[in-house]
Amino acid sequence: MCTKARLVQADQVSEWFGMSHGGSAPVVDVPLEQGQAAFLEVSIDPAAHGPAGIGPIQRGVMVRTADGQELQFVLEATVTR
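Quick note on numbering that gives the first Met the number 0: the sequence shown kicks off at 0 and runs consecutively.
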């Protein structure tokens, strides 16, 4: 997986989830406590794409809330090696 994410709230940490090579985005059900801060932790492995992983990249993570809102998080970076 080149991009994976997990949700962190207080002392609860979800499993890592992400789209496998050539696959579709997984549906993951992670309940969060309403009114409490939560963090989205994202890990990017540019080496997953071999030499093509060098240079500017853009990766995204989408989170859908229980009420149907879709939140998009976009990360941009320049990979040097």
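C-beta atoms are modelled at their ideal positions from N, C-alpha and C, and glycine is treated no differently.
Straight-line Cα distance separating residue j from residue i
i: A47; j: L70; result: 25 angstroms
i: V7; j: Q35; result: 11 angstroms
i: I53; j: F16; result: 23 angstroms
i: C1; j: R63; result: 21 angstroms
i: V26; j: M18; result: 10 angstroms
i: Q11; j: F72; result: 21 angstroms
i: R58; j: L74; result: 5 angstroms
i: S13; j: A37; result: 11 angstroms
i: D66; j: R80; result: 41 angstroms
Within 8 angstroms, strictly: CB atoms of residue i and residue j
i: A9; j: V60; result: no
i: A24; j: I56; result: no
Rounded distance between the beta-carbons of residue j and residue i, thought under 8 angstroms
i: V78; j: P50; result: About 11 angstroms; that fails the 8 angstroms criterion.
Does the stretch 41-48 come close enough to the stretch 24-33 to have 3 or more Cβ pairs within less than 8 angstroms? no
Give, in chain order, every unbroken run of the beta strand (DSSP E) that is at least 3 residues long and sits entirely within the stretch 39-76. 54-63
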